[in-house]
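>
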Amino acid sequence: MSSSEWEAVIGLEVHAHLKTRTKMFCRCELEYGAAENTRTCPVCLAHPGALPVPNGKAIEHTLKLGLALGCEISKHAIFARKNYFYPDLPKGYQISQYEAPLCGKGALQIPGGPRIGITRAHLEEDAAKTVHAGGATGRSVGADYSLVDFNRGGTPLLEIVSEPDLRSADDADRYLRLLRQTIVELGIGDAEMEKGTLRADVNVSVRKQGEEGFRPRWELKNMNSFTYIRRGIEAAVREQVAAYERGETLEQSTYDYDPDTNRLAVHRSKEEADDYRYFPEPDLVPVDPPRELLDSIELPELPAERIARLAEHTDLDAAWELVFSGNDWKAQALAEHGVEWKAAAAIAMNRGDFRPENAAALAEIVRANVTREALDDAFAAAASGSIDSATYLAQTAVSDESELEPVIDAILAANPGQVETYRGGKEGVLGFFVGAVMRETQGKADPKVVNRLLLEKLRG
Ligand code: ADP
Ligand code: ZN
Ligand code: MG
393 MSSSEWEAVI GLEVHAHLKT RTKMFCRCEL EYGAAENTRT CPVCLAHPGA LPVPNGKAIE
453 HTLKLGLALG CEISKHAIFA RKNYFYPDLP KGYQISQYEA PLCGKGALQI PGGPRIGITR
513 AHLEEDAAKT VHAGGATGRS VGADYSLVDF NRGGTPLLEI VSEPDLRSAD DADRYLRLLR
573 QTIVELGIGD AEMEKGTLRA DVNVSVRKQG EEGFRPRWEL KNMNSFTYIR RGIEAAVREQ
633 VAAYERGETL EQSTYDYDPD TNRLAVHRSK EEADDYRYFP EPDLVPVDPP RELLDSIELP
693 ELPAERIARL AEHTDLDAAW ELVFSGNDWK AQALAEHGVE WKAAAAIAMN RGDFRPENAA
753 ALAEIVRANV TREALDDAFA AAASGSIDSA TYLAQTAVSD ESELEPVIDA ILAANPGQVE
813 TYRGGKEGVL GFFVGAVMRE TQGKADPKVV NRLLLEKLRG
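The opening residue of the sequence shown carries number 393 in the numbering used here; numbering runs sequentially from there.
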């Protein structure tokens, strides 16, 4: 199979639960893991005559993400009914947004990678949760019947649709991780795949390198693990390439990825938008986000920006790792106190937690090049509370002249040229000797004593 001629084309529809106290259109409180069907009311159970009232916080969260992705913000966003039948949707329609979403075109720049166009980001309500009684998750295999838990029904759901700009499973993985990190850092959602608060529909097609336009896509529904998304994309690419190479044509269709077999199973043939009979929700007025609200939204430095900035000091992989592990501020703090960047990054990744207020003291100890044991002790102290760098340095330094003298003598003897240079008036060479002694003693020597001894010997 000459699969190297083929390239993948991928677009993601990412769904994230928004972190709000109450549901999207009613005042039921959201609580993950609450007993089944204890978070319901006439609105989210679709009793006749119940009317939706939009959640202002959810709108604000959506705008925040829209601003972070540089999206055009709508002046006249419209909620729309998306009609379909399913037991988890008691109204028979989902309130979503269709022609006029809150957030329009934007982009997410993957540091060191492509810039991914954002088509739109809109606000909708999640459906309830069907629980298959047979125990199988996500499939009805083995289930005699299904139960519905309406607690999740009506949870504010943000859908972020990307352009088909991703070209590999790797791209998709990085895009999704970055988007997830952005959602988390903006404080608008927990975005945890294991809890179902982040899910993605993954659209995949392939085409020949250099080919214009796109071929029909396969949509892998409701993917909720980074590993499965990667494997699902790889399976779709593999199967599509094989089909094209057998001379077949493919149609747009929807699949479920089965992690047990690593294969795709047909979900159902794709409904067209027409089938949903979208129309504006008559019970809700359009949303015109006020200028003051938009102006009041403050964005922190976003993960993509931080990774790009840190990558200038370390390398790209280290920058990703630092930001995604939440350790970047530690590296930053050490570097600001004079620790060389690569070392600061390595330390931030490998040495447990220390507090911002300890960064200066730790940096001083790191710079003094003390022994590994001393450094371990220092970090343990920094994690548990206070740290006194002066005490550490005094305790660990070798200041015993009888230990240091032979080392210094040997170094002076081995570098007669440098000794001449110093004695000829270039006193800067002293630094060279201090450095050599510190290296020879693995950083254990007390720099003050080393300096004094060196001066005595060089001048004498
Ligand atoms: P729907 O809701 O019908 O799935 P959307 O427009 O919401 O349609 O989402 C379509 C998704 O599919 C987008 O993420 C888009 O980038 C992606 N996509 C569109 N065409 C292709 C294609 N040929 N190959 C891969 N992905 C595609
Ligand atoms: Zn309710
Ligand atoms: Mg879709």
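Glycine included, every Cβ here is placed at the ideal spot set by N, Cα and C.
#1: Is it a yes or a no for the region 763-773 touching the region 802-816, going by three-plus beta-carbon pairs under 8 Å?
#2: As an exercise, report each continuous alpha helix (DSSP H) stretch of at least 4 residues that is fully enclosed by the region 417-467, in chain order.
#3: Is Val556 a contact residue of the ligand ADP, with contact defined as CB to any heavy atom under 8 Å?
#4: Which residue comes first and which comes last in the beta strand (DSSP E) that contains Ile857?
#5: Please name the residue in Arg591, Leu642 and Pro434 whose C-alpha comes closest to that of Lys613.
#6: The ligand ZN: which residues have Cβ under 6 Å from any of its heavy atoms, chain order?
#7: Could you tell me which of Cys436, Arg759, Gln501 and Tyr478 sits nearest to Cys463, measuring between CA atoms?
#8: Give me the Cα-Cα distance between Tyr784 and Arg655, rounded to the nearest whole angstrom.
#9: Could you please give me the residues that DSSP links to Val629 through a beta bridge?
#10: Please look up how many angstroms separate the CB atoms of Ala723 and Leu714, rounded, as I've assumed it's under 8 Å.
#11: Would you tell me roughly how many angstroms separate the C-alpha atoms of Asp792 and Asn761, rounded to the nearest one?
#12: Counting only C-beta atoms, is Asn447 closer than 9 Å to chain C at any point?
#13: I'd like the list of long-range same chain contacts for Pro678, defined as Cβ closer than 7 Å, with 5 residues on each side in sequence excluded.
#14: How about Val853 and Trp398: do their beta carbons lie closer than 9 Å?
#15: With a 10 Å radius around its C-beta and 16 neighbouring C-beta atoms as the bar for buried, classify Ala806 as buried or exposed.
#16: Among Lys836, Asn475, Ile580 and Gly823, which residue has its Cα nearest to the Cα of Asn843?
#17: State the start and end residues of the unbroken alpha helix (DSSP H) segment that holds Lys836.
#18: Give the straight-line distance between the Cα atoms of Thr414 and Asn447, rounded to the nearest whole angstrom.
#19: On the DSSP bridge list, what partners appear for Tyr649?
#20: Thinking C-beta only, is Leu515 closer than 9 Å to Leu410?
#21: Quick one: what's Trp398 bridged to in DSSP?
#22: What do you get for Pro808, buried or exposed, if any count of 16 or more other CB atoms within 10 angstroms of its CB means buried?
#23: Comparing alpha-carbon positions, which option in His453, Glu848, Ala427 and Tyr668 lies nearest Lys521?
#24: Check whether the Cβ of Thr491 lies closer than 8 Å to any heavy atom of the ligand ADP, and answer yes or no.
#25: What is the DSSP secondary structure of Leu642, reduced to helix, strand or coil?
#26: Report the option in Ala737, Pro695, Asp518 and Tyr537 whose CA atom is closest to the CA atom of Leu550.
#27: DSSP state of Val523, grouped into three classes?
#28: So Ala703 packs on Gly504, CB below 8 Å; how close in whole Å?
#29: Near Leu578, what residues of its chain come up, given a Cβ to Cβ distance below 7 Å and the 5 sequence neighbours on each side ignored?
#30: Should Ile625 be listed as close to the ligand ADP, given that the test is whether its C-beta is under 8 Å from any heavy atom?
Answer, in terms of the structure:
#1: no
#2: 448-460
#3: Note that residue 556 corresponds to Pro in the displayed sequence, not to Val. The answer is yes for Pro556.
#4: Nothing can be reported for residue 857: it is not among the residues displayed for the chain, which extend from 393 to 852.
#5: Taking only the C-alpha atoms, the option nearest Lys613 is Arg591.
#6: The answer, residue by residue, is Lys415, Cys418, Cys420, Thr432, Cys433, Val435, Cys436 and Gly546.
#7: Gln501
#8: 58 Å
#9: DSSP output for Val629 lists no bridge partner at all.
#10: 6 Å
#11: Asp792 and Asn761 have their C-alpha atoms spaced approximately 18 Å apart.
#12: The question asks about chain C, but that chain is absent: this structure has only one protein chain.
#13: His468, Ala469 and Ile470
#14: Not covered by the structure: residue 853. The range shown for the chain is 393 to 852.
#15: exposed
#16: Gly823
#17: Here Lys836 belongs to no alpha helix (DSSP H), and DSSP marks it neither H nor E.
#18: 8 Å
#19: Leu656
#20: yes
#21: Lys600
#22: When all chains shown are included, Pro808 counts as exposed.
#23: Ala427
#24: The question names Thr, but residue 491 is Glu in the sequence shown. Because no heavy atom of the ligand ADP lies under 8 Å away, the Cβ of Glu491 does not count as near it: no.
#25: coil
#26: Asp518
#27: strand
#28: 7 Å
#29: Lys456, Leu457 and Ala460
#30: no
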